[in-house]
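In what follows, a single structure is set out as structure tokens and then discussed.
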Amino acid sequence: MAVLTRVELVAAPGPGGTTRLTTNRAEGILNARRTGPAEVHLVGTGAGPLGGDAVEVDVVVASGARLSLRGVAATLSMPDRVGRPARLDLRLRVAEGAHLDVALEPLVAVRGSDLHAVTTLDVAGGAHLDLLEVTVLGRWREAPGRWRGTLRADLAGAPWLRQSVALGPGSPAWDALDAPRVLVSRLRSPAALPAPSTTTTTKPAGRSAGCAVAMPLAGGGELAQAIGLDLLAARRDLAALDLDPTGFRSTETSGTLVG
5 MAVLTRVELV
15 AAPGPGGTTR
25 LTTNRAEGIL
35 NARRTGPAEV
45 HLVGTGAGPL
55 GGDAVEVDVV
65 VASGARLSLR
75 GVAATLSMPD
85 RVGRPARLDL
95 RLRVAEGAHL
105 DVALEPLVAV
115 RGSDLHAVTT
125 LDVAGGAHLD
135 LLEVTVLGRW
145 REAPGRWRGT
155 LRADLAGAPW
165 LRQSVALGPG
175 SPAWDALDAP
185 RVLVSRLRSP
195 AALPAPSTTT
205 TTKPAGRSAG
215 CAVAMPLAGG
225 GELAQAIGLD
235 LLAARRDLAA
245 LDLDPTGFRS
255 TETSGTLVG
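Here it is, written out as structure tokens:
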């Protein structure tokens, strides 16, 4: 039997620069727990998603609010008995002057699984968005599952980035990409990028290191991606792009979460 999982979070500004959760609803295989100042962790309460399941995560950060969204453990996409695909929808809306930092634990496509992950972003022009997504194909010494990722991002009401990637057995570019087992993507809005050096007079077209590349976007901001045969290699290459010491985290969100 297919399971529908829904998580809905709405963060709004509170008194004295705090952030409060006006909405925190969860049902299915995920729960949302407040774990620190302006921080929420997604906690798995069941296995999956299994084939045929649907997971929907909706996050809204209102103007003046701050939120860090984290995960407790990796998410395992697993097959069902009849080979149905599963779907995971992550929908983020970040208002003007809001701050959202998302760095969940890896999504692992177990052997025989088929998952379509769709990320939809609506980001205001002056909003701070730092989104990290990590996909691993197969567990240790296991054949990979199949994963398809679709990203639809709008910035300031206009199209910002459209991307579709398919990895795993049966994917069109599987051999051409030398069958990578890991894909790490980090998308940052213009407001989330470090301030340029005062001595820099020209902006580079992009940066690369190993199997990682950072690409400035036409609408502002930057997309950095790394592929590799293992997570350690992808992390190392992404870190070499000088995003930050680990290649994963932005500056920790400050503020206090109340209510």
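Each step along the sequence shown adds one to the number in this note's numbering, with nothing skipped, and position 202 is 206. All C-beta atoms, glycine included, are put in the ideal place defined by N, C-alpha and C. Quick caveat, the model's predicted, so the values are computed rather than measured.
| Check | Outcome |
| --- | --- |
| Reduced DSSP category for R38 - H, G, I as helix; E, B as strand; rest coil | strand |
| Unbroken beta strand (DSSP E) run spanning R74, endpoints | 70 to 75 |
| Close beta carbons around T9, own chain, < 6 angstroms, minus the five adjacent residues each side | G32, I33, L34, V59 |
| Straight-line gap, L125 to E137 (C-alpha atoms, nearest Å) | 13 angstroms |
| Test item: CB-CB of L92 and P53 under 8 angstroms | yes |
| Residue of Q167, A183, D57 minimising C-alpha distance to G232 | A183 |
| D134 vs D105 beta-carbon contact at 8 angstroms | yes |
| Coarse secondary structure for D241, derived from DSSP in three states | helix |
| Candidates L155, R115, R185, L96, of which the one nearest G55 by Cα | R115 |
| Residue from D234, G68, R85 with nearest C-alpha to P110 | D234 |
| With 16 other Cβ atoms within 10 Å as the buried cut-off, status of W164 | buried |
| 8 angstroms Cβ cutoff met for V7 and D62 | no |
| G21 (DSSP reduced to helix, strand or coil) | helix |
| Outcome for P19 when other beta-carbon atoms lying within 10 angstroms are tallied against a minimum of 16 | exposed |
| Straight-line Cα distance separating R85 from A102 | 43 angstroms |
| Span separating the alpha-carbon of G214 from that of T26 | 43 angstroms |
| Cross-strand partners of W151 (DSSP beta bridge) | L119, L171 |
| Reduced DSSP category for A199 - H, G, I as helix; E, B as strand; rest coil | coil |
| Euclidean distance between Cα positions of L13 and A77 | 19 angstroms |
| Given T240 as reference, the closest of V186, S81, A199 once Cα atoms are compared | In the sequence on display, residue 240 carries Arg and not Thr. Of the listed residues, the one whose Cα sits closest to R240 is V186. |
| Inter-residue Cα distance where the pair is L221 and S212 | 15 angstroms |
| Endpoints, beta strand (DSSP E) assigned at P220 | 216 to 220 |
| DSSP three-state assignment for P176, whether helix, strand or coil | coil |
| Span of the beta strand (DSSP E), counted from its first residue to its last, around A213 | 211 to 213 |
| Simplified DSSP assignment, three categories, for P194 | helix |
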